[in-house]
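Presented below is the structure to which this report refers.
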Amino acid sequence: MLADLLEFQGANAFKIRAYRNGARVIKDYPDSINSIIEEDPASLLSIDGIGKGVAEKCVVLVETGELPQINEILEEIPRSVLDLLRIPGMGPKKAAMLYRELGIAALDQLKEACEAGVVADLKGFGAKTVESILAGIEIADAANKRVYWAKADETAREILDHMQSCGEIRKIELAGSYRRRRETVGDLDILVVSENAEAVMDHFGAYHLVESVIGRGDTKMSVRIEESLQVDLRVVPAESFGAALQYFTGSKDHNVVLRGLAKQKGLKINEYGVFKMDGDKETYVAGATEEEVYAAMELPVFPPELREARREFDWAAEKTIPDLIREQDLVGDLHMHTTATDGKATLEEMVEAAQARGLSYIAITDPSQRVSMAHGLDADRLLAQWREVDVLNEKLDGSFRILKGIDCDILESGGMDLPDEVLSQGDWIIASVHYGQRQSREQITDRIVGALENPHVHIIAHPTGRLINRREAYEVDMEAVMQAAVENGKLLELNANPARLDLHDVHLAAARKYQIPIVISSDAHSVDGLDVLKYGVLQARRGGLTADDVANTKSWDAIESILGR
DNA sequence: GCCGTTTTCGGCCCGACTGTTTTCAGTCG
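Just so you know, we're using the numbering used here here: the first sequence kicks off at 43 and counts up by one.
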């Protein structure tokens with residue numbers, strides 16, 4: 043936010059970038075900044091991108107909860123000016139001009155001023171700008187909303203389908219955050235090799251969900267579909283395809299680092315290729331494929347999921363880029379519901395579906411009694427279900443294994459929702475927080491740590507409780523949770539539901555550092571629900587996880603030995 | 001504000017497109 047405000051004030055662009063970069067580095071950092079500051083504030087300086095200025099601000103922020111610098115600026119400029127920046131096409135310069143010249147500090151004021159005709163008279167503004175601002179105000183919320191990766195995937199496939207029927211396309215690929223498999227996607231980037239850009243763009247514009255054309259030039263076209271999602275199309279020559287794919291896959295921060303490295307080598311990289319620089323003269327070196335581009339930089343082709351300017355360049359230097367987990371590595375699924383509670387399929391149906399998907403074991407984990415909304419299981423119903431599981435396992439005769447499990451609520455007052463003597467009879471005991479999510483950080487952390495210390499509990503499900511775009515994670519000290527998981531030899535879940543993806547990538551990277559085994563679970567409430575495992579795998583890849591880091595790539599026997607049985 | 005096996009000062013990624021301009025600033029990715 044400091045960077046946004048400074049940008050609005052017209053401060054030095056590099057300073058703004060330094061703040062923004064610092065904030066990102068801290069957000070992406072696998073260790074908690076709070077505990078670094080507690081132990082040794084000076085060590086902040088050893089983190090790339092954090093210097094004296096940002097480090098000092100971190101300490102003040104952690105100790106007091108606020109930044110005097112921000113408060114000072116907010117005395118001069120109302121916070122609502124930042125809303126102006128949410129309008130597509132409105133940047134800090136134009137917004138500052140509106141505030142300075144017309145005193146506009148909020149969206150409704152801007153709308154009035156546009157309609158009154160005073161905005162068009164400003165220098166640099168005109169009739170078209172006003173028109174686009176008015177349209178932009180209407181979609182400011184929708185335009186900034188990021189959709190679940192799974193939803194973007196659906197749209198992307200439909201658009202690809204549509205584009206396939208254009209005869210002029212020689213190659214087509216999706217780039218951007220979609221290709222990096224980010225949990226949410228802000229827009230789609232499509233790259234095309236063609237000799238006939240006009241025809242490709244015409245075909246693109248004819249896609250039935252295109253709502254408006256944001257812009258169209260000789261090689262680039264942007265449209266908005268279904269109110270929110272923006273789709274950019276870029277037509278490039280074949281010899282630039284790899285460079286363009288690299289460039290538009292990003293991330294922006296990854297590219298900034300890459301270009302910096304190129305400069306040191308006397309090279310220049312842009313979306314057209316890698317060029318050797320000799321004074322003003324540039325010679326094309328590479329660009330047709332991504333392999334070529336990275337090879338020209340003496341770098342490996344980074345998996346797109348890792349291109350976030352986090353650890354990947356260090357890993358490349360050490361030759362330790364993780365061999366990321368793949369969907370086919372998963373052999374079991376350890377979290378699902380049945381008709382015994384809020385699931386749509388019976389125990390038998392879930393078993394059949396899991397077998398059909400090539401899995402070799404599953405855990406049946408209906409929620410416990412406290413989760414009344416889902417008609418959670420009390421001890422009697424649970425034990426009855428487990429007897430059913432025993433019978434089914436007999437029938438399966440070793441060809442497939444069903445584990446007797448439960449998703450046991452961690453009570454608001456602490457402690458488990460079912461007695462130890464019941465839990466001790468199960469194979470796979472999940473503990474998770476469903477209620478009291480607004481408790482203090484200490485309370486929630488204590489509840490979860492307490493569950494990890496219970497000898498019958500094996501894993502914490504959806505450890506932060508967030509629902510992407512809908513509910514923030516509860517306050518929890520993940521460092522303490524991980525510490526407790528390590529000390530008690532417990533596991534953590536990566537819930538693969540596209541709306542959860544909980545743990546997120548930064549926590550996964552931290553868990554990997556702690557060597558805490560992760561379990562990727564579907565949390566399926568139906569047969570089709572089992573198919574979300576693939577989204578969990580993508581998230582795990584973003585966290586840098588290998589098959590070996592994920593417990594359910596191994597046999598159930600191997601998991602039992604992880605649990606010390 | 002950050003950074004340094006060319007540097008502790010002087011750099012900091014790079015190009016497309018738009019709208020408002022008559023050669024370019026602002027925005028975006």
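Don't be surprised by glycine CBs; every beta carbon is placed ideally from N, CA and C.
State the Cα-Cα distance for the pair residue i and residue j, rounded to the nearest angstrom.
{"i": "LYS57", "j": "ASN63", "result": "10 Å"}
{"i": "ALA337", "j": "THR331", "result": "10 Å"}
{"i": "ALA359", "j": "ASP203", "result": "39 Å"}
{"i": "LEU230", "j": "ARG224", "result": "12 Å"}
{"i": "ALA148", "j": "GLU173", "result": "17 Å"}
{"i": "GLU98", "j": "GLU105", "result": "11 Å"}
{"i": "GLU180", "j": "LEU126", "result": "12 Å"}
{"i": "GLY292", "j": "ASN76", "result": "30 Å"}
{"i": "VAL67", "j": "PRO120", "result": "27 Å"}
{"i": "ALA280", "j": "VAL235", "result": "6 Å"}
{"i": "GLY107", "j": "VAL123", "result": "23 Å"}
{"i": "GLN397", "j": "PHE442", "result": "8 Å"}
{"i": "GLY606", "j": "CYS450", "result": "21 Å"}
{"i": "SER414", "j": "TRP598", "result": "31 Å"}
{"i": "GLY578", "j": "LEU460", "result": "29 Å"}
{"i": "VAL273", "j": "LYS294", "result": "17 Å"}
{"i": "ASP70", "j": "GLY159", "result": "45 Å"}
{"i": "GLY218", "j": "ILE232", "result": "8 Å"}
{"i": "LEU534", "j": "LEU550", "result": "9 Å"}
{"i": "LEU536", "j": "ARG258", "result": "41 Å"}
{"i": "TYR326", "j": "SER282", "result": "10 Å"}
Between which residues of its own chain and residue i is the CB-CB distance below 7 Å, once the five residues before and five after are set aside?
{"i": "ILE112", "result": "MET43, LEU44, LEU47"}
{"i": "ASP384", "result": "ALA416, HIS417, HIS567"}
{"i": "ASP163", "result": "none"}
{"i": "GLN288", "result": "GLU332, VAL335"}
{"i": "TYR556", "result": "MET524, VAL528"}
State the start and end residues of the unbroken alpha helix (DSSP H) segment that holds residue i.
{"i": "ASN113", "result": "110-118"}
{"i": "VAL523", "result": "520-530"}
{"i": "SER254", "result": "Note, SER254: premise wrong, no alpha helix (DSSP H); beta strand (DSSP E) at 252-258."}
{"i": "CYS100", "result": "94-106"}
{"i": "GLU154", "result": "149-158"}
{"i": "ALA194", "result": "191-206"}
{"i": "ASN511", "result": "Segment: none, ASN511 is in no alpha helix (DSSP H) and carries neither H nor E."}
{"i": "ARG62", "result": "55-70"}
{"i": "ASP544", "result": "Looking at the DSSP string, ASP544 is not in any alpha helix (DSSP H), and its letter there is neither H nor E."}
Between the options, which lies nearest to residue i when the distance is taken from Cα to Cα?
{"i": "GLY492", "options": "ILE452, ARG513, ASP469, ILE92", "result": "ILE452"}
{"i": "GLU495", "options": "PRO134, MET458, ASN435", "result": "MET458"}
{"i": "ILE510", "options": "ARG59, LYS305, ARG542, THR171", "result": "ARG542"}
{"i": "ILE404", "options": "TRP191, GLN411, VAL431, LYS294", "result": "VAL431"}
{"i": "ALA566", "options": "HIS377, ARG480, ARG483, ASP422", "result": "HIS377"}
{"i": "LEU389", "options": "ALA65, MET263, LYS446, GLU334", "result": "LYS446"}
{"i": "ILE214", "options": "GLU196, ILE146, GLY284", "result": "GLY284"}
{"i": "GLU157", "options": "GLY166, LYS170, LYS165", "result": "LYS170"}
{"i": "GLY166", "options": "ALA182, LYS135, LEU176, SER564", "result": "LYS135"}
{"i": "ILE79", "options": "TYR141, LYS305, ALA426, VAL102", "result": "VAL102"}
{"i": "ILE129", "options": "VAL433, ALA184, PRO110", "result": "ALA184"}
{"i": "GLU394", "options": "ASP70, PHE290, PRO409, ASP375", "result": "ASP375"}
{"i": "TYR220", "options": "THR197, GLU237, GLY145", "result": "THR197"}
{"i": "THR380", "options": "VAL561, ASP356, GLN427", "result": "GLN427"}
{"i": "THR506", "options": "ASN530, ALA600, GLU529, GLN481", "result": "GLN481"}
{"i": "ASP469", "options": "LEU419, SER563, ARG489, THR407", "result": "THR407"}
{"i": "GLU454", "options": "ARG412, ASP439, LEU424", "result": "ARG412"}
{"i": "PHE290", "options": "LEU216, ILE363, LYS193", "result": "LEU216"}
Let's see if you can read the secondary structure: which residues bound the beta strand (DSSP E) around residue i?
{"i": "MET319", "result": "315-320"}
{"i": "GLY447", "result": "443-451"}
{"i": "MET263", "result": "262-267"}
{"i": "LYS386", "result": "Looking at the DSSP string, LYS386 is not in any beta strand (DSSP E), and its letter there is neither H nor E."}
{"i": "THR325", "result": "323-328"}
{"i": "ASP125", "result": "Premise fails: ASP125 lies in the alpha helix (DSSP H), 123-126, not in any beta strand (DSSP E)."}
{"i": "ASN496", "result": "It is not in any beta strand (DSSP E) - ASN496 carries neither H nor E in the DSSP assignment."}
{"i": "ILE560", "result": "560-563"}
Leaving out the 5 sequence neighbours to the left and right, which residues in its chain are closer than 6 Å to residue i when beta-carbon positions are compared?
{"i": "LEU366", "result": "PRO345, ARG583"}
{"i": "ARG429", "result": "none"}
{"i": "ALA387", "result": "SER568, VAL569"}
Enumerate in chain order the residues of its own chain whose CB-to-CB distance from residue i is below 8 Å, with the five nearest sequence positions on each side excluded.
{"i": "SER30", "result": "Look at the range of the chain in this structure, 43 to 607, and you will see that residue 30 is not part of it."}
{"i": "MET339", "result": "LEU300, LEU303, ALA304, LYS307, LEU309, ILE311, VAL316"}
{"i": "TRP191", "result": "TYR220, ARG223, ARG224, GLU225, THR226, VAL227, PRO540, TYR577, LEU580"}
Can we count residue i as close to the ligand MN, meaning its CB is less than 6 Å from some heavy atom?
{"i": "GLY315", "result": "With respect to the ligand MN, the structure offers nothing, as it holds no ligand at all."}
- Query: Do the segment 504-524 and the segment 582-596 meet, that is, are 3 or more Cβ pairs less than 8 Å apart?
  - Reply: Under the three-pair Cβ rule at 8 Å, the segment 504-524 does not count as touching the segment 582-596.
- Are the segment 250-259 and the segment 283-303 touching, with three or more C-beta to C-beta distances below 8 Å? Judged by Cβ distances under 8 Å, the segment 250-259 makes no contact with the segment 283-303, as fewer than three pairs qualify.
- Indicate whether the contact test is met: 3 or more Cβ pairs, each with one atom in the segment 230-246 and one in the segment 198-212, closer than 8 Å. Yes, they touch.
- Any chance the segment 262-271 sits against the segment 312-329, with 3 or more Cβ pairs inside 8 Å? Here the segment 262-271 does not lie against the segment 312-329, with fewer than 3 beta-carbon pairs under 8 Å apart.
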